[in-house]
Amino acid sequence: MIKDKLVNIDKYKINDAFERFKKIMSESKNLDEIEAPFKAIPLEYETKSFDVSKFENHQKYIDIHYIISGSEQIGLARFDDIKPNMEYNEQNDYQLFDGALNETIELKEGEFLILFEHEPHVAGGKVNEFSSSVVKKIVYKIPVN
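Start counting at 1 in the sequence shown, then tack on 68, and there's your number in our numbering.
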């Protein structure tokens, strides 16, 4: 897992796909229109309590969560503390889990979080436990290989 501001993304080297992704991002004016082989999933939603969420995990793609506006908590878990509640969906590259939240990371406007394969996580958590807020973000899917 890596958390930083988008202006610092060039500091990180992961694999060839990530290097191509950084080059395309630096040349793109519209961050939600990144071309294949990368997926860009624009999202806008209201944050919620983690007690109504499930952990997800991926095997083929690295997630890059980039916050355009707002802020949210990302919850993390260890495999020892969670149990699958479905079989792995190979076509959509995800598996859902129930279990204990181990830690949270606040992600703010202009920041990104890289979650590698096999790092269970849940997004969309409230930053303030007493009120929800709207977060606008893009999740980029980068192939592991």
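Heads up, the beta-carbon is just placed ideally off N, CA and C, and yes, glycines get one too. Computed from a prediction, not measured in an experiment: that's the story for all the values here.
Report the option in the options whose CA atom is closest to the CA atom of residue i.
i: Q141; options: I206, V202, F89, T172; result: T172
i: M216; options: K194, E185, D161; result: Residue coverage of the chain in this structure runs from 69 to 213, which leaves residue 216 outside it and unanswerable.
i: I82; options: G143, D131, K151, V203; result: D131
i: D119; options: D166, F89, A108; result: D166
Determine the burial state of residue i: buried for a count of at least 16 other Cβ atoms within 10 Å of its Cβ, exposed for fewer.
i: V190; result: buried
i: E112; result: exposed
i: A108; result: buried
Taking only the alpha-carbon atoms, compute the straight-line gap between residue i and residue j and give it to the nearest angstrom.
i: Y129; j: N196; result: 30 Å
i: Q163; j: D78; result: 30 Å
i: N160; j: K151; result: 19 Å
i: L144; j: Y134; result: 17 Å
i: M154; j: E187; result: 17 Å
i: I72; j: I206; result: Residue identity check: residue 72 is Asp in the sequence provided, not Ile. In a straight line, the C-alpha of D72 is about 15 Å away from that of I206.
Taking residue i as part of the beta strand (DSSP E), name the residues at either end of that continuous run.
i: E112; result: 107-114
i: H133; result: 129-137
i: H189; result: 189-193
i: E124; result: 123-125
i: V215; result: One cannot answer for residue 215 here, as it falls past the ends of the chain, which runs 69 to 213.
With H, G and I counted as helix, E and B as strand and the rest as coil, what does DSSP make of residue i?
i: N83; result: coil
i: N157; result: strand
i: L74; result: helix
i: F165; result: strand
i: F180; result: strand
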